[in-house]
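Residue numbers in the sequence shown follow my numbering, run continuously in steps of one, and reach 439 at the last position. All C-beta atoms in this analysis are idealised placements derived from N, C-alpha and C, irrespective of residue type, glycine included.
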Amino acid sequence: MSLFLILAAIAVAVSVLVAAPLWRGTAAERARGWHDRAAYRAQLAELDRDRARGLLGEAENASARLEIERRLLATPETTPRPPSRARPLLAALLGLGMVGAALLVYLRLGTPGAPDLPWAARESERKDAAEIEERRAQQEKAAATLESELALDPGNSDGWLMLAHEASGLGQWSKAAMAYAQAIALVKPNPPLFAAYGESLVLAAEGVVTPEAKAQFRQSLALDPDQGMARYYLALGLAQEGDAKGALAAWEALAASPEGLALREAIGRQMETTARTADLPIPPLPPAASGEPQQAMIRGMVDRLAAKLAADPNDVEGWRRLGRSYLVLGEREKAIEAYRKAADLRPEDPDLLQDEVEAMLGGQAPQVPVSPAAVAVLHRLETFAPDRPMVLWYLGLAEIEAHHMEEARHYWTRLLAELPPSSPEQKLVSDALATLKEK
Numbered sequence: 001m002s003l004f005l006i007l008a009a010i011a012v013a014v015s016v017l018v019a020a021p022l023w024r025g026t027a028a029e030r031a032r033g034w035h036d037r038a039a040y041r042a043q044l045a046e047l048d049r050d051r052a053r054g055l056l057g058e059a060e061n062a063s064a065r066l067e068i069e070r071r072l073l074a075t076p077e078t079t080p081r082p083p084s085r086a087r088p089l090l091a092a093l094l095g096l097g098m099v100g101a102a103l104l105v106y107l108r109l110g111t112p113g114a115p116d117l118p119w120a121a122r123e124s125e126r127k128d129a130a131e132i133e134e135r136r137a138q139q140e141k142a143a144a145t146l147e148s149e150l151a152l153d154p155g156n157s158d159g160w161l162m163l164a165h166e167a168s169g170l171g172q173w174s175k176a177a178m179a180y181a182q183a184i185a186l187v188k189p190n191p192p193l194f195a196a197y198g199e200s201l202v203l204a205a206e207g208v209v210t211p212e213a214k215a216q217f218r219q220s221l222a223l224d225p226d227q228g229m230a231r232y233y234l235a236l237g238l239a240q241e242g243d244a245k246g247a248l249a250a251w252e253a254l255a256a257s258p259e260g261l262a263l264r265e266a267i268g269r270q271m272e273t274t275a276r277t278a279d280l281p282i283p284p285l286p287p288a289a290s291g292e293p294q295q296a297m298i299r300g301m302v303d304r305l306a307a308k309l310a311a312d313p314n315d316v317e318g319w320r321r322l323g324r325s326y327l328v329l330g331e332r333e334k335a336i337e338a339y340r341k342a343a344d345l346r347p348e349d350p351d352l353l354q355d356e357v358e359a360m361l362g363g364q365a366p367q368v369p370v371s372p373a374a375v376a377v378l379h380r381l382e383t384f385a386p387d388r389p390m391v392l393w394y395l396g397l398a399e400i401e402a403h404h405m406e407e408a409r410h411y412w413t414r415l416l417a418e419l420p421p422s423s424p425e426q427k428l429v430s431d432a433l434a435t436l437k438e439k
């Protein structure tokens, strides 16, 4: 009720202000030209003062004076507005009408019976907003620190990837795209990386699938024909080019595949929008691959890929795809073997070694020590990528398990320097180092 009274008082006050001129009438008003000409004369006087103080030279003073005098001459002396007579009846009707209209709108669109928001709830909302703002400030600080470090070490591919992720989290898509481009120039071809770069380009262009973005998505599909994100955006590109039928067909095929499971909601929205825009029937979203049919579909794809690699065992990216597929099926040992074959074909590629060791470590419970086989791969990876956070963390963990506390401290101190300041990861490593010092 208190809010209602406040709003009513505001409506009455505004009505009085609007109706007052009608109630009492208005005095004669000088012509607008008089105000403009007075302003120009004041500017001429100011020029004279600046010249006397030596702030303006002869040439500058003459140029400015000519311009002001030109405007003065061009400003006509318009006829002043005559006074108006008072109209109290019209003023009263106008004021009452405004208050009544405001009341009707409020009763129709407002919620007069809604209770006030409790102070505790408002305080909670303020705290949530403050926490969000603080997290954003930390992200911005971490991104700025990364940029400074990368200016001194532009060959750090992991640093560029971290900057891309930070910028994406802040919605700074142009910066994210730049960071992905730098990372791609430093690492071996990677389908998800090309797709992420393409998505950043699209979002930086406010949703337009640009030719440069299409090139990245095609690069991704050339390495992995099943890359879901690349297929999604290329279909969006078709829709933007006016090929609605082609876009709908591409989205339907993606929605029915395992790669489209995570994108089904977005696909459904795009299909509806595209069909309406093109005045086409809205096609139903095809059933999602789920349960046993999905497993059978994935199994068929995996078996075909495995047979292809048996005939052509030098296909590095094929082995990587096979490794990912085995992980989806829960067959971790087969995944590790596939990643190992890929790494054997390019033994100096740190990304392939990381795929292998992540598959090995992903199957271990937290309390289980890092296996000797995983430690061996981590040391190989350390040779080519000594500053990767994952390498430093797990090698430090392995040294602790071997009771080599000084070596563990060495690895985690290096890791601390690689992490963004004030990040949760940095706090975790700082706490781990503090625990080490106590031992």
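So the candidates are ALA143, VAL377, SER371; which of them puts its Cα closest to the Cα of LEU353?
For LEU353, the nearest C-alpha among the options comes from VAL377.
How is VAL209 classed by DSSP in three states: helix, strand or coil?
Correct three-state label for VAL209: coil.
Taking C-beta to C-beta, are ALA176 and ALA164 nearer than 8 Å?
For ALA176 and ALA164, yes; Cβs fall inside 8 Å.
What are the boundary residues of the alpha helix (DSSP H) that GLU337 is part of?
First-last of the alpha helix (DSSP H) with GLU337: 332–345.
Using a 10 Å radius around the Cβ and a threshold of 16 neighbouring Cβ atoms, would you call PRO347 buried or exposed?
The residue is exposed, with fewer than 16 neighbouring Cβ atoms inside 10 Å.
Answer with buried or exposed for ASN190, where buried requires no fewer than 16 other C-beta atoms within 10 angstroms of its C-beta.
So ASN190 ends up on the buried side.
Measuring only the C-alpha atoms, how far is ARG452 from LYS437?
The displayed coordinates of the chain run from 1 to 439. Any statement about residue 452 would go beyond what the structure contains.
CB-CB under 8 Å to ALA306, same chain, minus the five flanking residues each way: which ones, in chain order?
LEU322, listed in sequence order.
Please classify GLU356 as buried or exposed, where buried requires at least 16 other C-beta atoms within 10 Å of its C-beta.
The residue in question, GLU356, is buried, as its Cβ has 16 or more Cβ neighbours within 10 Å.
To the nearest angstrom, how far is the alpha carbon of ARG409 from that of PRO372?
One C-alpha to the other measures close to 20 Å.
Looking at ALA255: is its Cβ nearer than 8 Å to the Cβ of PRO286?
Contact: yes.
Can you give me the start and stop residues for the alpha helix (DSSP H) that ARG414 sits inside?
Unbroken alpha helix (DSSP H) run through ARG414: 405–418.
Between LEU381 and ARG414, how many whole angstroms is the CB-CB distance? I'm expecting something under 8 Å.
With 8 Å as the limit, LEU381 and ARG414 do not qualify as a contact, their Cβ atoms being about 14 Å apart.
By the three-class DSSP mapping on this structure, what secondary structure does GLN138 have?
Helix.
Can you give me the C-alpha to C-alpha distance between ALA239 and PRO211, rounded to a whole angstrom?
If you take the alpha carbons of ALA239 and PRO211, they lie about 14 Å apart.
Are the Cβ atoms of ALA196 and PHE217 separated by less than 8 Å?
Not a contact, by the Cβ cut-off of 8 Å.
Count the other C-beta atoms from every protein chain shown that fall within 10 angstroms of the C-beta of ARG136, then say buried if there are 16 or more, exposed otherwise.
ARG136 should be labelled exposed.
Out of ILE132, LEU397, LEU234, PRO192, which has the shortest C-alpha to C-alpha gap to ILE267?
Per the Cα distances, LEU234.
Give the DSSP-derived three-state secondary structure of ALA434 in the structure shown.
Correct three-state label for ALA434: helix.
Is the separation between the beta-carbon of VAL316 and that of ALA275 shorter than 8 Å?
Not a contact, by the Cβ cut-off of 8 Å.
On the criterion of 16 or more Cβ atoms from any shown chain inside 10 Å, does LYS427 qualify as buried, or is it exposed?
When all chains shown are included, LYS427 counts as exposed.
Reducing DSSP to helix, strand and coil, say where ILE184 ends up.
Residue state, collapsed to three classes: helix.
Identify whether ALA278 lies in helix, strand or coil by the three-state DSSP scheme.
ALA278: coil per DSSP, three-state reduction.
Whose C-beta lies closer than 6 Å to the C-beta of GLU418 among residues of the same chain, with five residues either side of it excluded?
Cβ within range, chain order: ASP387, PRO389.
Beta carbon of ALA143, beta carbon of LEU161: below 8 Å?
The answer is no: Cβ separation not under 8 Å.
Figure out for me which residue from ALA213, ASP351, MET405 has the closest Cα to the Cα of PHE194.
Comparing Cα-Cα distances from PHE194 to each of ALA213, ASP351, MET405, the minimum goes to ALA213.
Rounded to whole angstroms, what's the CA-CA distance from TRP319 to TYR339? Just pull it up for me.
Going from the Cα of TRP319 to the Cα of TYR339 covers about 6 Å.
To the nearest whole angstrom, what separates the beta carbons of GLU252 and PRO283, a pair I think is in contact under 8 Å?
Yes, they are in contact, since the Cβ atoms of GLU252 and PRO283 sit about 6 Å apart, within 8 Å.
For PRO424, count neighbouring C-beta atoms within 10 Å of its own C-beta (all shown protein chains included) and say buried if the count is 16 or more, exposed if not.
So PRO424 counts as exposed.
Looking at LEU361 and TYR411, is the spacing between their C-beta atoms short of 8 Å?
Not in contact: TYR411 and LEU361 (Cβ atoms no closer than 8 Å).
Exposed or buried, SER157, counting other C-beta atoms within 10 Å across all chains shown (16 or more means buried)?
Buried.
According to the neighbour-count rule (16 or more other Cβ atoms, all chains shown, within 10 Å of its Cβ), is VAL375 buried or exposed?
So VAL375 counts as buried.
Between which two residues does the alpha helix (DSSP H) containing ARG388 stretch?
Premise fails: ARG388 is in no alpha helix (DSSP H) and is neither H nor E.
Can you check which of these residues, ASP303, SER148, GLU401, is closest to LYS334 by C-alpha distance?
Nearest C-alpha to LYS334: ASP303.
Check GLU348 in the structure and name its three-state DSSP category.
Three-state DSSP puts GLU348 in coil, outside helix and strand.
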